[in-house]
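Peer 1: Quick one: the structure is below, and I'll ask about it shortly.
Residue numbers (our numbering): 5 to 178.
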């Protein structure tokens, strides 16, 4: 009886062991480094994989709300690429972290040197963002995103306001 139970357990373990789904889950890339140009600025960025669907984007660049108001800025943004498996199932590309994402963007804009002395103020933007990134060929990509968040101005630390973010960028991935 012990031999029958042992053999049946052995056979069933082989059956269940080899019948597992061997398809691997889609994942963001380990590291993506590139440069992007938008309507009002230029940025250098790097994305590091934190998990299969989450990447941490760090960014430094020059940007602004008009050509007369360009500011240096840095940003940190965890991104959740939520549709990677669906894109793979449909035969679409996910290289270079191509997909739809939801993020929480924290960016710090330094004051604009060209403005008058009393208008110089640094500010921090905290913005939940939805966006898409798609590849064009092997190295080029484009990205679009929008969000609404809070702006904390560094004028005695007391000014808080709402802000909207819209970005449209084209870039090169190294």
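Note that the Cβ used here is the ideal one computed from N, Cα and C, for glycine as well.
Taking the beta carbon of residue 88 as the centre, do at least 16 other beta carbons fall within 10 Å, making it buried, or is it exposed?
Peer 2: Buried, by the Cβ-count rule.
Peer 1: Give every residue of the same chain whose Cβ lies closer than 6 Å to the Cβ of residue 168, excluding the five residues on either side of it in the sequence, and list them in chain order.
Peer 2: So the list reads 152, once near-sequence residues are dropped.
Peer 1: My guess is that residue 36 and residue 50 are in contact by the Cβ rule of under 8 Å, so how many angstroms apart are they, rounded?
Peer 2: With a Cβ gap of about 7 Å, residue 36 and residue 50 count as contacting.
Peer 1: Which of helix, strand or coil does DSSP assign to residue 142?
Peer 2: Coil, per DSSP.
Peer 1: Return the first residue and the last residue of the alpha helix (DSSP H) that residue 92 is part of.
Peer 2: Residue 92 -> alpha helix (DSSP H) spans 88 to 93.
Peer 1: How should residue 113 be labelled, buried or exposed, when 16 other C-beta atoms within 10 angstroms of its C-beta is the threshold for buried?
Peer 2: Result: buried.
Peer 1: If we count the other Cβ atoms within 10 Å of its Cβ and call it buried at 16 or more, is residue 109 buried or exposed?
Peer 2: Under this definition residue 109 is a buried residue.
Peer 1: Checking the sheet assignment: what are the DSSP bridge partners for residue 4?
Peer 2: Any answer about residue 4 is impossible in this case: the structure gives the chain only from 5 up to 178.
Peer 1: By the DSSP assignment, the beta strand (DSSP E) with residue 60 in it spans what residues?
Peer 2: That run of the beta strand (DSSP E) goes 58 to 68.
Peer 1: Considering only residues of the same chain and omitting the five flanking positions on each side of residue 134, which have a CB-CB separation below 6 Å?
Peer 2: Correct list, in chain order: 106.
Peer 1: Below 8 Å, how does it come out for the region 89 to 99 and the region 62 to 69: are there three or more Cβ pairs, yes or no?
Peer 2: The region 89 to 99 vs the region 62 to 69: no contact.
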